[in-house]
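Below is one structure; the comments refer to it alone.
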Amino acid sequence: MDKLDKTDRKILQLLQQDCRITTKELSEKLHLSNTPVYERVKKLERSGIIKGYVARLDPDKIDRSMMVFISILLTKHTRDVVEKFEAEILALPEVMEFYYTSGNYDALLKLMVKDMKAFQFFIQEKLSKFEHISRFNSTFVISSADKLGYDL
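Here the sequence shown stands for residues -18 to 133, numbered as in the working numbering.
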């Protein structure tokens, strides 16, 4: 897709604020008719700029109010080891995000669990079963401030 123009950027901003906004509502906010707005959204989807739409859940209401970041050092860094580790770790329901990183650690996980007991279970019964982890460090989130989406 060619460069994003001002209208595309505004569409993306509005969709990041509320992905359930209708084409009609988008059209009203952009002062355009429905058809060009609809076509622009479809073009953004087809090009892969819009990868999907998700519902944000309240962690407290689904018993996942404890957020932990785990930095992991792997013993091997071959493509097979990293890809296998990524696939298997993302299959765990507690793991929300995975990043392969540089620096002192090789990977960063974002975990959501109910409480410290659930975190302990995750470490002892799940994370400890991975053979190529040599060390990890946990960082517990005290509070967070959400910023949805990207500035365009």
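Every residue gets a Cβ at the ideal spot worked out from N, C-alpha and C, and that includes glycine.
These numbers come from a predicted model, not from an experiment.
- Per DSSP, the unbroken beta strand (DSSP E) holding Y81 starts and ends at 76 to 81.
- DSSP places T120 in the strand class (E or B) of the three-state scheme.
- In chain order, S52 place their CB closer than 6 Å to the CB of N118, counting only its own chain and leaving out the 5 sequence neighbours on each side.
- Residue V122 holds the alpha-carbon nearest to the alpha-carbon of M93 among V122, R21, S115, H113.
- Within the segment -13 to 13, the complete alpha helix (DSSP H) segments of 4 residues or longer fall at -13 to -2, 4 to 11, listed in chain order.
- Residue environment analysis places D(-11) among the buried positions, since at least 16 neighbouring C-beta atoms fall within 10 angstroms of its C-beta.
- One Cα belongs to D44, the other to A36, and the distance between them is close to 16 Å.
- Within the same chain, no Cβ atom closer than 6 Å to the Cβ of T16 is found once the five residues on either side in sequence are excluded.
- If you look at A68, you'll find it isn't in any beta strand (DSSP E); it sits in the alpha helix (DSSP H) that goes 60 to 71.
- The straight-line gap separating the alpha-carbon atoms of A126 and S115 is approximately 32 Å.
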